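As structure tokens, the structure follows; a few thoughts come after it.
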Amino acid sequence: MKMKRIAVLTSGGDSPGMNAAIRAVVRTGIFHNLEVFAVERGFTGLMEGQISPMNQVSTGGIMQRGGTVLKTSRSEKFKTKEGLDIALQKLKEFDIDGLVTIGGDGTLRGTRDLSV
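When we follow UniProt numbering, the leftmost residue of the sequence shown carries the number 1, and every step to the right adds one.
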């Protein structure tokens with residue numbers, strides 16, 4: 001299956017470089033003819049369907065800003081089977097073929113749980 005639509009989210013605590021990573025994902029996705037979407041507020045936003053299109057204009061000037069322009073959150077609900085099921089359903093609703101997650105260890109564990 002060829003990917004057509006990807007989404008990017010940030011999760012956990014803010015850290016330097018998150019905005020640069022977001023910008024790189026968006027611009028690289030566009031270069032490869034993918035539709036790129038932002039998930040605001042991390043895994044919480046994913047469960048709530050806070051997903052919107054991104055383009056090169058939406059990433060202009062974000063590297064100089066602190067934190068993450070997508071906002072972030074920590075979610076206890078996401079760690080449950082119900083939360084994971086809701087997140088998977090939202091990815092299906094928006095026809096998202098791939099999810100790029102930016103964060104630390106908790107984000108990695110959440111992404112792993114989502115992919116199993």
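No residue lacks a Cβ here, since even glycine has one placed at the ideal position from N, Cα and C. Remember, predicted model here, so these are calculated numbers, not experimental data.
Quick check: the stretch 96–110 against the stretch 56–63, are at least 3 beta-carbon pairs closer than 8 Å? With contact defined as three or more Cβ pairs closer than 8 Å, the stretch 56–63 and the stretch 96–110 are not in contact.
Tell me whether the beta-carbon of glycine 83 lies closer than 8 Å to the beta-carbon of lysine 92. Glycine 83 is not a Cβ neighbour of lysine 92, given a cutoff of 8 Å.
Can you give me the Cβ contacts of phenylalanine 37 inside the same chain, cut-off strictly under 8 Å, excluding the 5 residues immediately before and after it? Taking C-beta separations shorter than 8 Å and ignoring five residues to either side along the sequence, the partners of phenylalanine 37 in its chain run Arg5, Ile6, Ala7, Val8, Ile51, Ser52, Pro53, Met54, Phe94, Ile96, following chain order.
Decide if leucine 70 is buried, meaning its Cβ has at least 16 other Cβ atoms within 10 Å, or exposed. That one is buried.
Report the rounded CA-to-CA distance for lysine 79 versus leucine 114, giving the unit in angstroms. Looking at the two C-alpha atoms, the distance is approximately 9 Å.
Taking C-beta to C-beta, are methionine 47 and lysine 81 nearer than 8 Å? In this structure, methionine 47 sits away from lysine 81, with a CB-CB distance that is not shorter than 8 Å.
Return the CA-CA distance between serine 11 and serine 73, expressed in angstroms with no decimal places. Rounded to the nearest whole angstrom, the CA to CA distance from serine 11 to serine 73 is 6 Å.
CB methionine 3 to CB leucine 34, shorter than 8 Å? With a cutoff of 8 Å on beta-carbon distance, methionine 3 and leucine 34 are scored as near each other.
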